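Below is one structure; the comments refer to it alone.
Protein chains in written order, with my numbering: chain A, 4 to 274; chain B, 4 to 274.
See the structure below:
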């Protein structure tokens, strides 16, 4: 069985891409012709996926955009669509789950059994024992929040304990304690490029999922300079809104393709 | 409009109870006669609710038990059942959500618009700006993880920054920065009773949701001594498995009632 980590490394190589596209379809922002359809989110995603699949290494649907409007079924169909048509592209379910053991088992089942995602994002605040039920799925990826991209992320993540910010404590444990099955990644925001450099030093070749390029304003060249591994990979550069809403007209899919191709080119120029 | 905080205070008084019952129905643990029904979780919950409603101040369904098996509809029906039949009892959706602004808005919509919960649990790791979209629902409650009940909760929550554990930084911000609309509560595990005492000092009369009595082994008298406010309220003592699985036979509802009544009596003896 191919593990998430192997699938991701293969995808980086064969796709020649570090670009991850976030599938966060907000009904209010969809093109008018789609908005009225009962499965508008899925139809939108399908067109976005078909248009961008040549330029991406992975997709990352954010579950809240589906669960807020009782559209879990469209999330299931979206993931299935990728796995049937683009089986080489891993799907990361962005859910930022976390809870005590028995409940974490249920969340892991949600992500890996129900939705069949290749990886899921999780929140480390409750401690490593609450991540164990996810990590036991050794063929799946578990991507732990470390330093997030939002303006207030430093409020706790930057607090220093033993001369070291909390985010680095998370990175250090991810690298030395939790990664027994080599199935961990970390979320580090493009908006904190110095942190990408420091965290890369702590975690070696571990995959880093990098939100914050695009709408949030992170600087691509600095992110790559600070985050690439020696093999010039190691990063999932995520873009959501700036790709999927590149146009709000009927040309949304072509515009998303153009944007994805363009960003992938930019990324590869700086590699 | 009655806010969550007002509804909770009224419930504490009129129900003469600080007991919150967690509705975490695991299909594997349900009585055999229910297990085969297509809406087994809802049928189980309905019997548990009817049996325990006299002894509780609130209910707390944990969403993962529903989403893991595509049973969101049964969660909706459970919450609606409480709100129609026991409108004086607040419903806390235990979801431990958290994400950057636009996504947090979707999670808030999931909890408050889709499920119509009176309150939701959230994770503070990403910082106060990520809690704002929840807090803007000023009539709803936002219950922030502070010191959780699991054995490994200290891994980050106990790290000390500026001579003060991270959990206390969370409590301090909850009390002084985030509680503009008086709609915040905190999760503090019964398994760390000294922390309940210290956090109570930081947050004054703020409601504390206390998991960890029952199966997890927290000590009730110490929890009450350390956590009660001057008005002898302020606590939501949560029990899930030890009440809802008090019996695995066809007498599960009566057994749950007996257990809830008994625990409520114990709680009130120590108040």
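The C-beta atom is built at its ideal place from N, Cα and C for all residues, glycine as well. Quick caveat, the model's predicted, so the values are computed rather than measured.
Backbone CA spacing between residue i and residue j [nearest angstrom]
i                      : j                      : result
residue 176 of chain B : residue 260 of chain B : 38 Å
residue 140 of chain B : residue 147 of chain B : 15 Å
residue 231 of chain A : residue 237 of chain A : 6 Å
residue 25 of chain A  : residue 217 of chain A : 12 Å
residue 35 of chain A  : residue 265 of chain A : 26 Å
residue 48 of chain A  : residue 82 of chain A  : 10 Å
residue 190 of chain B : residue 128 of chain A : 13 Å
residue 53 of chain A  : residue 37 of chain B  : 44 Å
residue 55 of chain A  : residue 254 of chain A : 13 Å
residue 204 of chain B : residue 171 of chain B : 10 Å
residue 12 of chain A  : residue 233 of chain A : 14 Å
residue 166 of chain B : residue 165 of chain A : 10 Å
residue 252 of chain B : residue 87 of chain B  : 28 Å
residue 67 of chain A  : residue 271 of chain A : 31 Å
Distance CB(residue i)-CB(residue j) smaller than 7 Å
i                      : j                      : result
residue 63 of chain B  : residue 103 of chain B : no
residue 78 of chain A  : residue 84 of chain A  : no
residue 248 of chain A : residue 39 of chain A  : no
residue 98 of chain A  : residue 109 of chain B : no
residue 196 of chain B : residue 229 of chain B : yes
residue 150 of chain B : residue 198 of chain B : yes
residue 93 of chain B  : residue 10 of chain B  : yes
residue 114 of chain A : residue 120 of chain A : yes
residue 220 of chain B : residue 192 of chain B : no
residue 58 of chain B  : residue 14 of chain B  : no
residue 227 of chain B : residue 273 of chain B : yes
residue 116 of chain B : residue 100 of chain B : no
residue 122 of chain A : residue 144 of chain A : yes
residue 65 of chain B  : residue 29 of chain B  : no
residue 161 of chain A : residue 168 of chain A : yes
Sheet register partners of residue i (DSSP bridge)
i                      : result
residue 150 of chain A : A:191
residue 106 of chain A : In the DSSP output, where bridge partners are listed per residue, residue 106 of chain A has none listed.
residue 61 of chain A  : A:23
residue 131 of chain B : Answer by DSSP bridge pairing: none, since residue 131 of chain B is not bridged.
residue 200 of chain B : Looking at the DSSP assignment, residue 200 of chain B forms no beta bridge with any residue, so it has no partner.
residue 242 of chain A : A:24
residue 221 of chain A : A:216
residue 117 of chain A : DSSP output for residue 117 of chain A lists no bridge partner at all.
residue 164 of chain A : A:167
residue 144 of chain B : B:122
residue 100 of chain B : B:125
residue 227 of chain A : DSSP lists no partner for residue 227 of chain A.
residue 30 of chain B  : Answer by DSSP bridge pairing: none, since residue 30 of chain B is not bridged.
residue 11 of chain B  : For residue 11 of chain B, which the question treats as bridged, DSSP gives no partner whatsoever.
residue 211 of chain B : B:189 and B:238
Nonlocal neighbours in the same chain, by C-beta distance under 7 Å from residue i, ignoring five residues either side
i                      : result
residue 74 of chain A  : 44
residue 181 of chain B : 131, 134, 138 and 187
residue 105 of chain A : none
residue 262 of chain A : 245, 246 and 249
residue 225 of chain A : 196
residue 142 of chain A : 4, 6 and 7
residue 156 of chain A : 150 and 192
residue 258 of chain B : 249 and 250
residue 184 of chain A : 138 and 141
residue 118 of chain B : 78, 79, 82 and 96
residue 194 of chain B : 152, 215, 219, 220 and 221
residue 42 of chain B  : 77
residue 136 of chain A : 104, 107, 108 and 111
Cutoff 6 Å; reference residue i; Cβ partners in own chain excluding five residues on either side
i                      : result
residue 206 of chain A : 174 and 178
residue 50 of chain B  : 256
residue 76 of chain B  : none
residue 46 of chain A  : 37 and 40
residue 267 of chain A : 20, 22 and 58
residue 235 of chain A : 274
Close beta carbons around residue i, own chain, < 8 Å, minus the five adjacent residues each side
i                      : result
residue 17 of chain B  : 91
residue 23 of chain A  : 59, 60, 61, 62, 63, 95, 212, 239, 240, 241 and 242
residue 3 of chain A   : In the structure displayed, chain A extends from 4 to 274; residue 3 of chain A sits before or after that span and is not available.
residue 209 of chain B : 177, 178, 182, 187, 188, 189 and 237
Heavy atom of the ligand ZN within 6 Å of residue i beta-carbon
i                      : result
residue 219 of chain A : Inclusion of the ligand ZN in the displayed structure is not the case, the ligand content being empty and no account of it being possible.
Within the region 38 to 97 of chain A, ranges of the alpha helix (DSSP H) (whole runs, at least 4 residues): You should have 43 to 55, 67 to 70 and 75 to 88.
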